[in-house]
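Undergrad: There's a structure below that I have some questions on.
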Amino acid sequence: MVNPTYVLVHGSAGTSRHWSAVQRELAFRGHRSLAVDLPGRGAGFSLAYHLQDLEAFAAQPSPSAAVTAADTIGHVVDTVKRVRAHGPVILVGHSLGGLSISGAGNEIPDLIDRLVYIGAQCPVRPAAEYLPEYLKGGFLSAIAPLRVGDPIRQGFVRMNWRGATAEQIAAMTAGLAGDATEAGMVLTLATTQPDETLGQWDPGYGTVDKNTWGRIPRTYVKTLKDNACPVALQDMYIAEGNALTPDNPWDVRPIDSSHTGFLADPTDVVDILAGLS
Numbered sequence: 036m037v038n039p040t041y042v043l044v045h046g047s048a049g050t051s052r053h054w055s056a057v058q059r060e061l062a063f064r065g066h067r068s069l070a071v072d073l074p075g076r077g078a079g080f081s082l083a084y085h086l087q088d089l090e091a092f093a094a095q096p097s098p099s100a101a102v103t104a105a106d107t108i109g110h111v112v113d114t115v116k117r118v119r120a121h122g123p124v125i126l127v128g129h130s131l132g133g134l135s136i137s138g139a140g141n142e143i144p145d146l147i148d149r150l151v152y153i154g155a156q157c158p159v160r161p162a163a164e165y166l167p168e169y170l171k172g173g174f175l176s177a178i179a180p181l182r183v184g185d186p187i188r189q190g191f192v193r194m195n196w197r198g199a200t201a202e203q204i205a206a207m208t209a210g211l212a213g214d215a216t217e218a219g220m221v222l223t224l225a226t227t228q229p230d231e232t233l234g235q236w237d238p239g240y241g242t243v244d245k246n247t248w249g250r251i252p253r254t255y256v257k258t259l260k261d262n263a264c265p266v267a268l269q270d271m272y273i274a275e276g277n278a279l280t281p282d283n284p285w286d287v288r289p290i291d292s293s294h295t296g297f298l299a300d301p302t303d304v305v306d307i308l309a310g311l312s
């Protein structure tokens, strides 16, 4: 593959900035990349959130409530179309970003040269059916005390990351990035978006399509220290994908990383990405 562009799609509560270390390492090796900001970025970073006026924060509406799966997938599709005018595209998704790149693969398989999932969701069945496996990792239970309001009633997820106690930060570190320092986790929380779309609870994401998504070469990067997208769940995605498309199985690459550790120390994941070009 000659001179591909790596299109990088962030996960839940993330932004394009979370890919900065990965992009820097790709650039050092002579590769072009574009990190996507999915619709609704910036939602929840209000004065009430900053000042921890929790009553006002809880009452504020969110633009995330209006963002649908179709909006999110459409944004990725439009990005790929623009980038594809300049050469091959390797579309990379992390965590919740897997739903978006799967949707793009369903819609525009001929414009994507390879899909790469890094500790990412890739449901063959409805995404919400995998929730029990997620719960086994412990991360969702660790962040539950920080949730503000009822996501289903609100139409979006709101988290008070800024209000986390030392004990909650320790629990989140264990669940999300066991290889992170306390200072690193605090920095991550400072740049993590308070408001997020319903994600896998939005039925608009659907499932992967054997006849479109199933034609695209794909790589799954297994994050072996992951407690947010547990290894058993990643193995489930891989096995179900292989059963769906036995003639186009996953290329599986393990890395010794937590769910987000590779974003801070990207050498191993960039070794894999660079080798795909």
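All you need for this note's numbering is the position in the sequence shown, starting with 1, plus 35.
Ideal Cβ positions, reconstructed from N, Cα and C, are used throughout, including at glycine.
Give every residue of the same chain whose Cβ lies closer than 7 Å to the Cβ of Ser68, excluding the five residues on either side of it in the sequence, and list them in chain order.
TA: The residues are Thr40, Tyr41, Leu43, Gln58 and Leu61.
Undergrad: Out of curiosity, what's the CA-to-CA distance linking Arg193 and Ala94?
TA: So the alpha carbons of these two residues sit roughly 11 Å apart.
Undergrad: Taking C-beta to C-beta, are Glu168 and Ala267 nearer than 8 Å?
TA: Against a cut-off of 8 Å, the Cβ pair of Ala267 and Glu168 comes out as a contact.
Undergrad: Excluding sequence positions up to five away, which residues of its chain have a Cβ less than 8 Å from the Cβ of Leu279?
TA: Around Leu279: Val159, Val243, Lys245 and Gly249.
Undergrad: Taking 8 Å as the cut-off, decide whether the C-beta atoms of Ala155 and Gly133 are in contact.
TA: Cβ atoms of Ala155 and Gly133: closer than 8 Å.
Undergrad: Three Cβ pairs or more, each shorter than 8 Å: is that satisfied between the region 257-265 and the region 217-235?
TA: As far as the Cβ criterion goes, the region 257-265 does not touch the region 217-235, which means the pair count is below three.
Undergrad: With which residues is Ile290 paired in a DSSP beta bridge?
TA: DSSP, once it has assigned bridges, lists Thr258 as partnering Ile290.
Undergrad: For Phe92 and Asp300, what's the separation of their Cα atoms in angstroms?
TA: Phe92 and Asp300: Cα-Cα distance of roughly 34 Å.
Undergrad: Could you have a look at His66 and say whether DSSP puts it in helix, strand or coil?
TA: If DSSP states are grouped into helix, strand and coil, His66 belongs with coil.
Undergrad: What distance in whole Å lies between the Cβ atoms of Ala78 and Ser51, which are believed to be in contact at a cut-off of 8 Å?
TA: In fact, because the Cβ distance is near 15 Å, the residues do not count as touching under 8 Å.
Undergrad: I'd like the list of long-range same chain contacts for Gly172, defined as Cβ closer than 6 Å, with 5 residues on each side in sequence excluded.
TA: Around Gly172: Asn262, Ala263 and Pro265.
Undergrad: Along the chain, where does the beta strand (DSSP E) that runs through Leu166 open and close?
TA: First-last for Leu166: Leu166 to Leu170, but that is the alpha helix (DSSP H), not the beta strand (DSSP E).
Undergrad: Would you tell me roughly how many angstroms separate the C-alpha atoms of Ala139 and Thr247, rounded to the nearest one?
TA: Approximately 10 Å between the Cα atoms of the pair.
Undergrad: Short of 7 Å in beta carbon distance, which residues of its chain neighbour Asn141, apart from the five on each side in sequence? Order them along the chain.
TA: Closer than 7 Å at Cβ, skipping near neighbours: Val243, Asp244, Thr247 and Trp248.
Undergrad: Please classify Asp306 as buried or exposed, where buried requires at least 16 neighbouring CB atoms within 10 angstroms.
TA: By the neighbour-count rule (16 or more Cβ atoms within 10 Å), Asp306 is not buried but exposed.
Undergrad: Where Met36 and Ala205 are concerned, what is the direct C-alpha to C-alpha distance, given to the nearest angstrom?
TA: Cα to Cα, the separation comes out at about 43 Å.
Undergrad: Look at the alpha carbon of Asp237 and the alpha carbon of Ala56, and state the distance between them as a whole number of angstroms.
TA: Approximately 30 Å, taken between the alpha carbons.
Undergrad: Which same chain residues, not among the five before or five after Ile178, have their C-beta less than 7 Å away from its C-beta?
TA: Excluding residues within five positions, the ones whose Cβ falls inside 7 Å are Met194 and Met207.
Undergrad: From what residue to what residue does the beta strand (DSSP E) around Ile125 run?
TA: That run of the beta strand (DSSP E) goes Val124 to His129.
Undergrad: Going by alpha carbons, who is nearest to Gly241 out of Val304, Ser135 and Ala309?
TA: It is Ser135.
Undergrad: Excluding the 5 residues preceding and the 5 following Asp72 in the sequence, name in chain order all residues of the same chain whose CB lies nearer than 7 Å to its CB.
TA: Only Thr50 and Ser51 meet the Cβ criterion.
Undergrad: Fully enclosed by the region 131-162, which beta strand (DSSP E) runs are 3 residues long or longer?
TA: With a minimum length of 3 residues, the continuous beta strand (DSSP E) runs that stay inside the region 131-162 are 149-153.
Undergrad: Can you tell me which of His85, Asp148, Ala209 and His129 puts its alpha carbon nearest to the alpha carbon of His121?
TA: Comparing Cα positions, the closest option is Asp148.
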